[in-house]
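**Student:** Could you have a look at this structure, given as structure tokens, before my questions?
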Amino acid sequence: PATAEQGPDGVLIIGGVPVTDIAERYGTPAYVFDEADFRERCTTFREAFHDFDVYYASKAFLTRTSARIAEETGLSLDVCTEGELAYAKAVDFPAERILLHGNNKSEADLAAALAYGVGRIVVDSVEELDRLEELVPRFPGSRPGVLLRVTVGVQADTHAHIATAHEDQKFGFSLVSGDAEQAVRRVADSGLLELRGLHSHIGSQILGTAGFEAAAKRLAELRARLAQDGIELPELDLGGGFGIAYTEHDVPTPAKEMADNLRTVVEKECAALGVSMPRLAIEPGRAIAGPAGVTLYRVGAVKHRAGIRTFVAVDGGMSDNVRTALYDATYSVQLAGRVSDAPPALVRVVGKHCDAGDVVVREDHLPSDVRAGDLLAVPGTGAYCRSLAHNYNQIPRPPVIAVAEGRAREIVRRETVEDLMRLDVG
Ligand code: LLP
């Protein structure tokens, strides 16, 4: 994160707080959340995309604090469920700046959104349109703004589990089959819903702009076709997916350049097709939260497998960071609590779960004298680590420790075994 520095004694300092202090006070593993870094990225996106609506994709990392900072910096909020919406409500996030996503929203999700009066609902299926139209009359005065999620048929350059715009995946109305156009026409004719525009999310951890541009072009063509029949679509939401540098090999496009490219492509397409310029929106999650998080672990065991590698086992694992196992994600690791002048050794950082796939960092180097008791830091874990955390082996989820200006505070407390057992009422 932006505020991280290494002291002369080798201790990593984040937000002015030595991680050794955090580990002592709150234990390990722990997610450290650099508030200033998160805030700065919100502001960077807000400014680079000044003429867009910028929805922070809360699924990446959602706490009251992150929702509050997104609100304070002028961002809007993307939520996917009534659960995510509950956090928005808890911080009085302005309803008109909230957008509801989901490919299979329940009646409860939709009812919660209508009750709070969220600004936009991104509809993903015909059944959802049925459910919405049935529900709306129960909320007098309600006429939700609707975007239709379109499967634009772009194969995003990313891991298969997080590519979301080709035909063979679950999200959106197909463009090629005509389903998207039919859905737009249905909403246009609906007396209960307000047609606002189209939505596309091509995938996640996308480093270039080509995929977004291809999506924008296809959506512009659809807009032009519908405009011929007098159907206006004033908004175009291009989704999230802006990648971050997990290693030095990842080179993300800077926000400002991304904004300029997207705006230019849409302007050009609209001019060529003779349609009006829509209000644009984006939904970054990872690019805002990812770099703001660092996970701290304590080493418990080290195994040197001759000629292969060194396995360094830490006190967390796939339950606090499932991304390595699930998406083959690449992380780095550093010794965070002391200096060492031992030569570097190739290591694999593994967790404490009963699963051979329980890997946190597949391959990196640590000083060869790494030993039990050492504190390790894995950066870039601010997005989709806490939010995908689980309890395999009944391991409680780590706390979130926010750091800022030399102070640390626990914003999400550590789960306990009692917390887990409380749900087992048999
Ligand atoms: N908008 C929509 C409609 C999305 O589905 C997503 C992510 C985003 C925005 C935010 O995407 P971001 O800017 O954060 O890439 N668990 C996976 C990522 C799943 C993303 C799901 N949707 C991972 O850890 O990589």
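Per UniProt numbering, the very first residue in the sequence shown carries number 16; after that it's consecutive.
We put the beta carbon where it would ideally sit given N, CA and C, even for glycine.
Between Q220 and the ligand LLP, is the CB less than 7 Å from at least one heavy atom?
**Tutor:** yes
**Student:** Taking 7 Å as the line, does the beta carbon of K74 fall inside it for any heavy atom of the ligand LLP?
**Tutor:** yes
**Student:** Find the nearest neighbour of A328 within the set S402, A344, V354, A371, judged by alpha-carbon distance.
**Tutor:** Of the candidates S402, A344, V354, A371, the one whose C-alpha sits nearest the C-alpha of A328 is A371.
**Student:** Quick one: does the C-beta of Y399 sit closer than 7 Å to a heavy atom of the ligand LLP?
**Tutor:** Correct: Y399 has its Cβ closer than 7 Å to the ligand LLP.
**Student:** Distance, Cα to Cα, A123 vs E111?
**Tutor:** 19 Å
**Student:** Any idea which residues DSSP pairs K318 with across the strands?
**Tutor:** Residue pairing from DSSP places K318 in a beta bridge opposite F326.
**Student:** Is A231 near the ligand LLP, in the sense that its beta carbon is under 7 Å from a heavy atom of that ligand?
**Tutor:** The ligand LLP has no heavy atom closer than 7 Å to the beta-carbon of A231.
**Student:** Would G352 be called buried (16 or more neighbouring beta carbons within 10 Å of its own) or exposed?
**Tutor:** buried
**Student:** Quick one: which unbroken beta strand (DSSP E) runs of 3-plus residues sit fully inside the segment 75–160? Chain order, please.
**Tutor:** 91–94, 113–115, 135–138
**Student:** V34 lies in the alpha helix (DSSP H); which residues open and close that run?
**Tutor:** 34–41
**Student:** Assuming A351 is part of the alpha helix (DSSP H), what are its boundary residues?
**Tutor:** Where A351 is concerned, there is no enclosing alpha helix (DSSP H), given that its DSSP letter is neither H nor E.
**Student:** Could you pull out every unbroken beta strand (DSSP E) segment of at least 3 residues lying fully inside the segment 208–296, listed in chain order?
**Tutor:** 209–214, 250–252
**Student:** Hey, G44 and D389: beta-carbon distance below 8 Å or not?
**Tutor:** According to the sequence provided, residue 44 is Pro. The question's Gly does not apply to it. P44 places its beta carbon 8 Å or farther from that of D389.
**Student:** Quick one, are the C-beta atoms of L241 and S215 less than 8 Å apart?
**Tutor:** With respect to the 8 Å criterion, L241 and S215 are not classified as neighbours on the basis of their beta carbons.
**Student:** Mind listing, in chain order, the continuous beta strand (DSSP E) runs of no fewer than 3 residues lying wholly within the segment 376–437?
**Tutor:** 390–394, 415–419, 422–427
**Student:** Anyone know if the C-beta pair for E250 and R294 falls short of 8 Å?
**Tutor:** Result yes, Cβ atoms of E250 and R294 sit closer than 8 Å.
**Student:** Could you tell me which of V165, V290, E148 sits nearest to D244, measuring between CA atoms?
**Tutor:** Closest by alpha carbon: V290.
**Student:** Quick check: what's the CA-CA separation for A198 versus L114?
**Tutor:** Approximately 19 Å, taken between the alpha carbons.
**Student:** What number of angstroms, rounded off, separates the C-alpha of H319 from the C-alpha of H380?
**Tutor:** 13 Å
**Student:** For F67, list the residues DSSP reports as bridge partners.
**Tutor:** Answer by DSSP bridge pairing, in chain order: L295.
**Student:** So, at 6 Å on beta carbons, what are the nonlocal neighbours of Q349 in its own chain, with the 5 sequence-adjacent residues on each side left out?
**Tutor:** A392
**Student:** Using DSSP bridges, identify the partner residues of Q21.
**Tutor:** L27
**Student:** Quick one: Cα of G226 to Cα of G397, how far?
**Tutor:** 25 Å
**Student:** When we look at the beta-carbon of N336 and count the other beta-carbons within 10 Å, is it buried (16 or more) or exposed?
**Tutor:** buried
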